[in-house]
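>
Numbering (my numbering), first residue to last: 2 to 188.
#1: In or out: residue 155 buried (at least 16 other Cβ within 10 Å) or exposed?
#2: Return the residue from the list 148, 119, 114 that minimises the CA-CA distance to residue 63.
#3: Evaluate the contact criterion for the segment 88 to 106 versus the segment 115 to 130: three or more CB pairs, one atom per stretch, below 8 Å.
#4: For the beta strand (DSSP E) that contains residue 97, what are its first and last residues?
#5: Take the Cβ of residue 162 as the centre, count every other Cβ of all protein chains shown within 10 Å, and call the residue buried at 16 or more, exposed below.
#6: Take residue 96 as the anchor and find which of 58, 81, 167, 82 has the nearest alpha-carbon.
#7: As a quick exercise: from 56, 58, 20, 52, pick the residue whose alpha carbon is nearest that of residue 40.
#8: Per DSSP, what kind of secondary structure is residue 85 in: helix, strand or coil?
#9: Pull up the DSSP beta-bridge partners for residue 161, would you.
#10: Note the first and the last residue of the continuous alpha helix (DSSP H) segment covering residue 17.
#11: Looking only at C-alpha atoms, which of 169, 92, 12 sits nearest to residue 127?
#12: Counting pairs of beta carbons, one from the segment 40 to 50 and one from the segment 63 to 73, are three or more of them closer than 8 Å?
#13: Between 174, 141, 175, which has its C-alpha nearest residue 77's C-alpha?
#14: Whose C-beta lies closer than 6 Å to the C-beta of residue 99 among residues of the same chain, with five residues either side of it excluded?
#15: Residue 148 and residue 130 look like a contact to me (Cβ under 8 Å); what is the Cβ gap, rounded to whole Å?
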């Protein structure tokens with residue numbers, strides 16, 4: 002279902018709209034309303050779900066198109082090796098500009114997905130090919146359908162969550178084949 006929602010988002014939204022309408026219609030019929038009343042009462046709620054979903058899809062698509070032009074990736078990072086209860090469980094929304102030897106990370110606003118704050122340069126030594134699919138409800142993550150991979154840095158591990166396609170682009174950009182011997186210097 003996640004794969005379909007990622008590959009065909011508008012079709013998934015239409016199926017969701019019909020599902021919401023059917024559930025609301027069934028609820029209305031079960032509570033004693035006539036079929037006409039149940040159908041009529043289900044329409045406004047289904048339309049609200051459709052509008053919210055359409056605006057979200059449009060916003061995410063525009064952001065990804067803009068970032069693709071700039072060769073950037075929208076993702077989340079966290080530090081799994083930090084002390085329990087500190088930063089180990091918090092996913093931070095960032096815009097990643099991948100580069101050979103060193104990538105730039107800049108925090109992003111969770112509503113507009115625009116870059117905020119100062120940029121941090123992190124030497125990424127590699128990205129693990131092993132990926133895990135994040136659950137639909139992951140703390141601090143507002144986008145569904147993401148996968149996470151572990152990245153090795155000069156100072157430890159960093160977990161990066163993004164779409165599978167963006168993780169592939171990131172892995173290709175920081176792969177050892179794209180770097181020259183002088184690019185791997187650590188600060």
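Even glycine gets a Cβ: it sits at the ideal position worked out from N, Cα and C.
Taking the coordinates as given:
#1: Against the chain shown, residue 155 aligns to sequence position 154. By the 10 Å Cβ count, residue 155 comes out exposed.
#2: In the chain shown, counting from the first residue as 1, residue 63 sits at position 62. Residue 63 has its Cα closest to that of 114, out of 148, 119, 114.
#3: yes
#4: Within the chain shown, the letter at position 96 stands for residue 97. That run of the beta strand (DSSP E) goes 93 to 98.
#5: Translated into the one-based positions of the chain shown, residue 162 becomes position 161. Classification for residue 162: buried.
#6: Translated into the one-based positions of the chain shown, residue 96 becomes position 95. When each option's Cα is compared against that of residue 96, the closest is 167.
#7: Along the chain shown, one-based indexing puts residue 40 at 39. That would be 20, whose Cα lies nearest to the Cα of residue 40.
#8: For the purposes of this step, residue 85 is taken as residue 84 along the chain shown, with counting starting at 1. In the structure shown, residue 85 sits in coil (DSSP, three-state: anything other than H, G, I, E or B).
#9: For the purposes of this step, residue 161 is identified with residue 160 of the chain shown, where counting begins at 1. DSSP, once it has assigned bridges, lists 78, 150 as partnering residue 161.
#10: The residue you call residue 17 lines up with position 16 of the chain shown. Counting along the chain, the alpha helix (DSSP H) containing residue 17 begins and ends at 10 to 31.
#11: Your numbering for residue 127 matches position 126 in the chain shown. Nearest C-alpha to residue 127: 169.
#12: no
#13: Counted from its first residue, the chain shown places residue 77 at position 76. Cα-wise, what sits closest to residue 77 is 141.
#14: One-based indexing of the chain shown puts residue 99 at position 98. Taken in chain order, the residues that qualify are 171, 174, 175.
#15: As a first step, residue 148 is located in the chain shown; it is residue number 147 there, counting from the start. As a first step, residue 130 is located in the chain shown; it is residue number 129 there, counting from the start. Actually they do not touch by this definition, with Cβ atoms about 11 Å apart.
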